[in-house]
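Visitor: Submitted below is the structure of interest, expressed as structure tokens.
In the UniProt record's numbering, the protein residues as written are 1 to 148.
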């Protein structure tokens, strides 16, 4: 690319130089335009408003909601996840709030419960460590249930 630019600036035609270098014209101009453009900056979507509305339309700040969440976690709702805490906030404080916002607030405060891990009580029984010396010594089957 730099070699082609140098020869084109010396006065040779772009078509001739690019044919000798082995670059298609479309590729050359695409890369040249791409290099001159500024990289796009991702701002992360819609800005966070910093408040939610109560049922009567009054704004409630995120700090107040975080305090209410801390009180709920300190009480009997300590084992609740973000979905049940959302229901508690809607019921107890008449907030119009989304579960995703409660998740974000819990994440900011470091109060998210760890996700449960799947514990499979049955090990996978595959044909591991079996000596197969001839055909038809070991057959495996996958069963899928379905209604007809």
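Glycine included, each C-beta is placed from N, C-alpha and C at the ideal position.
I need the straight-line Cα distance from residue 98 to residue 145, nearest angstrom please.
Guide: Your numbering for residue 98 matches position 98 in the chain shown. Your numbering for residue 145 matches position 145 in the chain shown. Roughly 38 Å between the two C-alpha positions.
Visitor: Measuring only the C-alpha atoms, how far is residue 50 from residue 96?
Guide: As a working mapping, residue 50 is identified with position 50 in the chain shown. As a working mapping, residue 96 is identified with position 96 in the chain shown. About 14 Å.
Visitor: Check whether the Cβ atoms of residue 54 and residue 65 sit closer than 8 Å, and answer yes or no.
Guide: The residue labelled residue 54 in the question sits at position 54 within the chain shown. The residue labelled residue 65 in the question sits at position 65 within the chain shown. No, these two residues do not count as a Cβ contact at 8 Å.
Visitor: Suppose only complete runs of 4+ residues qualify. What are the alpha helix (DSSP H) ranges in the UniProt domain "HTH-like" (62 to 118), listed by chain order?
Guide: 62 to 74, 82 to 93 and 99 to 109
Visitor: Hey, how far is the Cα of residue 119 from the Cα of residue 112?
Guide: In the chain shown, residue 119 corresponds to position 119, counting from 1. In the chain shown, residue 112 corresponds to position 112, counting from 1. In a straight line, the C-alpha of residue 119 is about 21 Å away from that of residue 112.
Visitor: Less than 8 Å between the CB atoms is what I'm expecting for residue 62 and residue 105, so what's the real figure, rounded?
Guide: Here residue 62 refers to the residue found at position 62 when the chain shown is read from its first residue. Here residue 105 refers to the residue found at position 105 when the chain shown is read from its first residue. Between residue 105 and residue 62 the Cβ distance is about 6 Å, and since that is below 8 Å, they are a contact.
Visitor: Out of 1, 74 and 110, which one is the CA nearest neighbour of residue 30?
Guide: The residue given as residue 30 occupies position 30 in the chain shown. Measuring from the Cα of residue 30, the nearest candidate turns out to be 1.
Visitor: Look up residue 60 in the DSSP assignment and say whether it is helix, strand or coil.
Guide: Mapped onto the chain shown, residue 60 falls at position 60. Residue 60: strand per DSSP, three-state reduction.
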